[in-house]
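Colleague: Numbering (our numbering), first residue to last: 90 to 208.
Following this message is one structure expressed as structure tokens.
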Amino acid sequence: CCDGAVAACAGNAAFLALLDAGVAMKATAMCVALAVKLEPEPVIWLDPTEAEEAQCDALISLSVDGSRNHLVSNLSSGAFLDAATWASCIEAACKSCKVLEAFMRMSLQKRLEMFLKPG
90 CCDGAVAACA
100 GNAAFLALLD
110 AGVAMKATAM
120 CVALAVKLEP
130 EPVIWLDPTE
140 AEEAQCDALI
150 SLSVDGSRNH
160 LVSNLSSGAF
170 LDAATWASCI
180 EAACKSCKVL
190 EAFMRMSLQK
200 RLEMFLKPG
């Protein structure tokens with residue numbers, strides 16, 4: 090059963106697999122999914138469920154390098170978004186990816202501490 094946001098999940102899984110394999114990377118590219126409902130006025134959902142995705146007009150998965158605030162990749166489907174809505178999506182994705190990156194760093198630090206404990 091799918092709970093939505095599959096592309097963003099796959100992007101984060103790929104990044105973490107590369108990190109776990111020891112591949113040297115210059116950027117931390119985290120992915121976030123957004124769903125946009127355009128009427129009566131634009132509403133943006135972060136990490137939408139499958140039910141929310143079914144109600145929306147556009148689905149977007151954005152990958153952001155949080156340390157540089159650079160958009161790394163975009164996968165979108167559905168309705169055309171005007172410039173203001175698109176900018177709001179990018180702003181929300183940048184903020185969300187920074188939070189996600191902080192959580193990922195904290196989790197990895199705890200994992201490394203566990204492996205490096207003596208005895």
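Glycine is no exception: its CB is placed at the ideal position from the N, C-alpha and C atoms.
These numbers were taken from a predicted model, which means no experiment stands behind them.
Of the residues 169, 164, 111, which one's Cα is nearest the Cα of residue 146?
Modeller: The option with the nearest alpha carbon to residue 146 is 169.
Colleague: Where residue 205 and residue 105 are concerned, what is the direct C-alpha to C-alpha distance, given to the nearest angstrom?
Modeller: Those two C-alpha atoms are separated by around 20 Å.
Colleague: Tell me which same chain residues have a C-beta within less than 7 Å of the C-beta of residue 101, skipping the five on either side of it?
Modeller: Contacts found: 119, 120.
Colleague: Of the choices 184, 94, 114, 183, whose alpha-carbon is the least far from that of residue 143?
Modeller: With distances taken between Cα atoms, residue 143 lies closest to 94.
Colleague: With distances taken from CA atoms, which of 117, 92, 157, 108 is nearest residue 136?
Modeller: Nearest C-alpha to residue 136: 92.
Colleague: Would you identify the three-state DSSP class for residue 115, choosing helix, strand or coil?
Modeller: Here residue 115 sits in coil by DSSP.
Colleague: Give the DSSP bridge partners of residue 122, in chain order.
Modeller: Residue 122 pairs with 150.
Colleague: Where does residue 135 fall in DSSP's three states?
Modeller: If DSSP states are grouped into helix, strand and coil, residue 135 belongs with the strands.
Colleague: Identify, in the order they occur along the chain, each residue of the same chain with its Cβ nearer than 6 Å to the Cβ of residue 193, setting aside the five sequence neighbours on each side.
Modeller: Counting only Cβ-Cβ distances below 6 Å, and skipping sequence neighbours, we find nothing.
Colleague: On the criterion of 16 or more Cβ atoms from any shown chain inside 10 Å, does residue 176 qualify as buried, or is it exposed?
Modeller: With fewer than 16 Cβ atoms within 10 Å of its Cβ, residue 176 is classed as exposed.
Colleague: Please state the DSSP three-state secondary structure of residue 167.
Modeller: In this structure, residue 167 counts as strand in the three-state DSSP scheme.
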